[in-house]
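> Residue numbers (the numbering used here): 181 to 503.
We put the beta carbon where it would ideally sit given N, CA and C, even for glycine.
1. Would you call the region 332-349 and the region 298-312 in contact, with 3 or more CB pairs under 8 Å?
2. Residue 422 by DSSP, collapsed to three states: which one?
3. Do the CB positions of residue 496 and residue 286 come within less than 8 Å of each other?
4. Return the Cβ separation of residue 307 and residue 433 in integer angstroms, given the expectation that the two are a contact with Cβ distance under 8 Å.
5. Using CA coordinates, which residue listed in 438, 401, 389 and 427 is at the minimum distance from residue 408?
6. Leaving out five residues before and five after residue 187 in sequence, what residues of the same chain have Cβ atoms less than 7 Å from its Cβ?
7. Which ranges would you report for the alpha helix (DSSP H) in the region 361-400 if only whole runs of at least 4 residues count?
8. Buried or exposed: residue 267, going by 16 or more other Cβ atoms within 10 Å of its Cβ?
9. Mind the definition here: the region 396-411 touches the region 255-272 only if three or more C-beta pairs lie below 8 Å; say whether that holds.
10. Please report the straight-line C-alpha distance between residue 184 and residue 416, rounded to a whole angstrom.
11. Can you say whether residue 473 is buried or exposed, counting buried as having 16 or more other CB atoms within 10 angstroms of its CB?
12. Hey, is residue 460 close to the ligand MG, as in C-beta under 7 Å from one of its heavy atoms?
13. Using only alpha-carbon positions, find the residue among 342, 319 and 484 that is nearest to residue 535.
14. From the DSSP output, in three-state form, read off residue 324 for me.
15. Helix, strand or coil for residue 209? Go by DSSP, reduced to three states.
16. Taking 8 Å as the cut-off, decide whether the C-beta atoms of residue 219 and residue 377 are in contact.
17. Between which two residues does the alpha helix (DSSP H) harbouring residue 339 extend?
18. Note down, one range per segment and in chain order, each alpha helix (DSSP H) of at least 4 residues found wholly within the region 427-467.
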């Protein structure tokens, strides 16, 4: 994911430097060190600059490297590997996306999903393998408050509101993605694991547990465009259920004109719209300052910003109306 609030020209080197400082610092020493090394390596920066801008992001480069066996915990060795294997890495980058299917983001969605009229029909845009379509099947721990008994149990530091008291009732779930992934396909499963940062074994196991849930009851995953194909998929939601269209860390990968077309479309639909996106992606006026200097996304309902959310679901800081 590209960083936010740039004041200098957004060069590829700056993106990697800010990724190190604002996203990887305190979360992944390996990626912090690797991003700094890439930011200072003119040869690799030059290779990255031959890619479309959306394909130059750190998470995509590092995941493609890990997928191909690059030594991501050894920056000098990684730089040599990348230079020697650039065509293979560039192929993976061009044909894949940062479909970081982090089930812990369900802990960010749950306060809103539990407060909406039940039952729910969930439609996720940018669904990847569909792990976030099962918020009713997981367990949650908001501080001392535990909810649900499913696996995995998702931990989230929640401030500003009380935690939800009940899980939502989901009667229909569907996902839309340009390249939906299948958790039972070995290559797709390996790519999902490659997207998880090196030290984060807890995230790896959490993803495996969520994948077992998905494999036991596969959702409807449709290959399609978030504008052209959304209405037809939404039309399949059952009558009497509250339709919820949602997405998490997706729109930064969408060109500006298609992003505007999507937001114009979703505002006209008979559905609630939940977005968890970088604050530069959607135009939210008057946002308060985030809790700290680390990267925070904005949780919004029907276009109204409500909370700051950490990217992997580990914290939610409420500042808006109560759900």
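With the structure as the only source:
1. Taking a cut-off of 8 Å on C-beta distances, the region 332-349 touches the region 298-312, as three or more cross pairs fall below it.
2. Against the chain shown, residue 422 aligns to sequence position 242. Here residue 422 sits in strand by DSSP.
3. Along the chain shown, one-based indexing puts residue 496 at 316. Along the chain shown, one-based indexing puts residue 286 at 106. The answer is no: Cβ separation not under 8 Å.
4. Counted from its first residue, the chain shown places residue 307 at position 127. Counted from its first residue, the chain shown places residue 433 at position 253. At roughly 13 Å, the Cβ-Cβ gap does not stay under 8 Å, so residue 307 and residue 433 are not in contact.
5. The residue you call residue 408 lines up with position 228 of the chain shown. For the residues 438, 401, 389 and 427, the minimum Cα distance to residue 408 belongs to 438.
6. The residue you call residue 187 lines up with position 7 of the chain shown. At residue 187 the pLDDT is 47, less than 50, meaning the model places this residue with poor confidence and gives no usable figure here.
7. 366-374 and 381-396
8. Residue numbering aside, residue 267 sits at position 87 when the chain shown is read from its first letter. Exposed: under 16 other Cβ atoms inside 10 Å.
9. no
10. As a working note, residue 184 is residue 4 in the chain shown. As a working note, residue 416 is residue 236 in the chain shown. The predicted position of residue 184 is uncertain, since its pLDDT is 41 and thus under 50; a value taken from the coordinates is nonetheless stated next. Going by the C-alpha atoms only, they are around 36 Å apart.
11. As a working mapping, residue 473 is identified with position 293 in the chain shown. Exposed is the call here.
12. What this structure holds is no ligand at all, so the ligand MG is not there to describe.
13. Coverage of the chain is limited to positions 181 through 503, which leaves residue 535 absent and any answer about it impossible.
14. Counted from its first residue, the chain shown places residue 324 at position 144. Here residue 324 sits in coil by DSSP.
15. Here the question's residue 209 lines up with position 29 in the chain shown. It is helical.
16. Looking up residue 219 in the chain shown gives position 39. Looking up residue 377 in the chain shown gives position 197. No, the pair does not count as a contact, with Cβ atoms beyond the cut-off.
17. Translated into positions along the chain shown, residue 339 becomes position 159. Careful: residue 339 lies outside any alpha helix (DSSP H), inside the beta strand (DSSP E) at 337-339.
18. 436-448
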